[in-house]
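Numbering (our numbering), first residue to last: 1119 to 1214. One structure below.
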(Lines of atoms letter the chains of each structure in order from A and count residues from 1; the text may use other names and numbers.)
(Lines give C-alpha, C1' and ligand atoms only; values in the text may rest on other atoms or scores of the structure.)
Protein backbone atom coordinates (compact mmCIF):
# COMPACT_ATOMS: atom_id res chain seq x y z
CA UNK A 1 0.00 0.00 0.00
CA UNK A 2 1.03 3.60 -0.53
CA UNK A 3 2.21 5.73 2.40
CA UNK A 4 1.04 9.29 3.04
CA UNK A 5 2.31 11.81 5.56
CA UNK A 6 -0.19 14.49 6.49
CA UNK A 7 0.43 17.65 8.48
CA UNK A 8 -2.75 18.90 10.15
CA UNK A 9 -3.61 22.32 11.55
CA UNK A 10 -6.69 23.08 13.64
CA UNK A 11 -8.90 25.92 12.47
CA UNK A 12 -10.45 28.38 14.91
CA UNK A 13 -13.56 26.17 14.86
CA UNK A 14 -11.42 23.11 15.61
CA UNK A 15 -9.94 24.73 18.69
CA UNK A 16 -13.37 25.71 20.01
CA UNK A 17 -14.25 22.08 20.70
CA UNK A 18 -10.76 20.63 21.03
CA UNK A 19 -11.93 18.53 23.99
CA UNK A 20 -13.78 16.38 21.44
CA UNK A 21 -10.52 15.58 19.64
CA UNK A 22 -10.43 11.95 20.81
CA UNK A 23 -13.89 11.36 19.36
CA UNK A 24 -12.81 12.92 16.05
CA UNK A 25 -9.59 10.84 15.97
CA UNK A 26 -11.62 7.68 16.48
CA UNK A 27 -14.05 8.65 13.71
CA UNK A 28 -11.16 9.43 11.34
CA UNK A 29 -9.45 6.11 12.09
CA UNK A 30 -12.69 4.23 11.38
CA UNK A 31 -13.16 6.13 8.10
CA UNK A 32 -9.58 5.38 7.04
CA UNK A 33 -10.04 1.69 7.85
CA UNK A 34 -13.36 1.61 5.97
CA UNK A 35 -11.53 3.06 2.94
CA UNK A 36 -9.07 0.17 2.99
CA UNK A 37 -6.36 2.11 4.79
CA UNK A 38 -4.52 2.02 8.08
CA UNK A 39 -3.19 4.66 10.46
CA UNK A 40 0.48 3.88 11.04
CA UNK A 41 1.12 6.66 13.55
CA UNK A 42 -0.18 9.96 14.88
CA UNK A 43 1.83 12.57 16.77
CA UNK A 44 0.95 15.90 18.34
CA UNK A 45 3.25 18.74 17.32
CA UNK A 46 4.33 22.08 18.71
CA UNK A 47 4.80 24.68 16.00
CA UNK A 48 3.17 25.60 12.70
CA UNK A 49 1.19 22.34 12.59
CA UNK A 50 -0.76 20.63 15.37
CA UNK A 51 -0.65 16.98 14.29
CA UNK A 52 1.14 14.65 11.91
CA UNK A 53 -0.14 11.32 10.68
CA UNK A 54 1.38 8.55 8.66
CA UNK A 55 -1.17 6.35 6.97
CA UNK A 56 -1.25 3.58 4.43
CA UNK A 57 -3.93 3.87 1.76
CA UNK A 58 -4.67 1.74 -1.30
CA UNK A 59 -4.04 4.63 -3.74
CA UNK A 60 -4.03 8.40 -4.25
CA UNK A 61 -7.78 8.54 -4.90
CA UNK A 62 -8.59 6.80 -1.59
CA UNK A 63 -6.16 9.07 0.26
CA UNK A 64 -7.58 12.24 -1.31
CA UNK A 65 -11.14 11.14 -0.56
CA UNK A 66 -10.52 10.48 3.12
CA UNK A 67 -8.46 13.66 3.62
CA UNK A 68 -11.13 15.80 1.96
CA UNK A 69 -13.79 14.11 4.07
CA UNK A 70 -11.88 14.91 7.27
CA UNK A 71 -11.18 18.50 6.21
CA UNK A 72 -14.80 19.06 5.15
CA UNK A 73 -15.75 19.36 8.82
CA UNK A 74 -14.14 22.81 8.82
CA UNK A 75 -12.22 21.99 11.99
CA UNK A 76 -8.88 21.12 10.44
CA UNK A 77 -6.76 21.78 7.36
CA UNK A 78 -4.07 19.56 5.92
CA UNK A 79 -1.00 19.24 3.76
CA UNK A 80 -0.37 15.73 2.48
CA UNK A 81 2.69 14.21 0.86
CA UNK A 82 3.11 10.73 -0.58
CA UNK A 83 6.05 8.97 1.05
CA UNK A 84 8.36 6.15 -0.01
CA UNK A 85 10.01 3.65 2.30
CA UNK A 86 13.69 4.61 2.53
CA UNK A 87 14.85 1.50 0.63
CA UNK A 88 12.50 2.36 -2.24
CA UNK A 89 13.63 5.98 -2.14
CA UNK A 90 17.29 5.02 -2.23
CA UNK A 91 16.55 2.65 -5.13
CA UNK A 92 15.02 5.53 -7.08
CA UNK A 93 18.04 7.70 -6.30
CA UNK A 94 20.39 5.06 -7.71
CA UNK A 95 18.56 5.27 -11.04
CA UNK A 96 19.06 9.03 -11.39
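No residue lacks a Cβ here, since even glycine has one placed at the ideal position from N, Cα and C. Remember, predicted model here, so these are calculated numbers, not experimental data.
Distance CB(residue i)-CB(residue j) smaller than 9 Å
i: residue 1175; j: residue 1119; result: yes
i: residue 1171; j: residue 1123; result: yes
i: residue 1218; j: residue 1162; result: Residue 1218 falls outside the range modelled here, since the chain spans only 1119 to 1214, and no answer is possible.
i: residue 1129; j: residue 1153; result: no
i: residue 1158; j: residue 1121; result: yes
Straight-line Cα distance separating residue j from residue i
i: residue 1195; j: residue 1135; result: 15 Å
i: residue 1132; j: residue 1160; result: 17 Å
i: residue 1076; j: residue 1149; result: With the chain running from 1119 to 1214 in the structure shown, residue 1076 is simply not present.
i: residue 1126; j: residue 1151; result: 19 Å
Cβ separation of residue i and residue j, assumed to be a contact under 8 Å, to the nearest whole Å
i: residue 1188; j: residue 1198; result: Contact flag wrong, Cβ pair sits at about 10 Å.
* Is it a yes or a no for the segment 1141–1158 touching the segment 1196–1203, going by three-plus beta-carbon pairs under 8 Å? -> Under the three-pair Cβ rule at 8 Å, the segment 1141–1158 does not count as touching the segment 1196–1203.
* Residue ranges of each alpha helix (DSSP H) run of no fewer than 4 residues wholly in the segment 1157–1189, ordered along the chain? -> The DSSP assignment places 1178–1189 as complete runs of the alpha helix (DSSP H) inside the segment 1157–1189, in order along the chain (cut-off: 4 residues).
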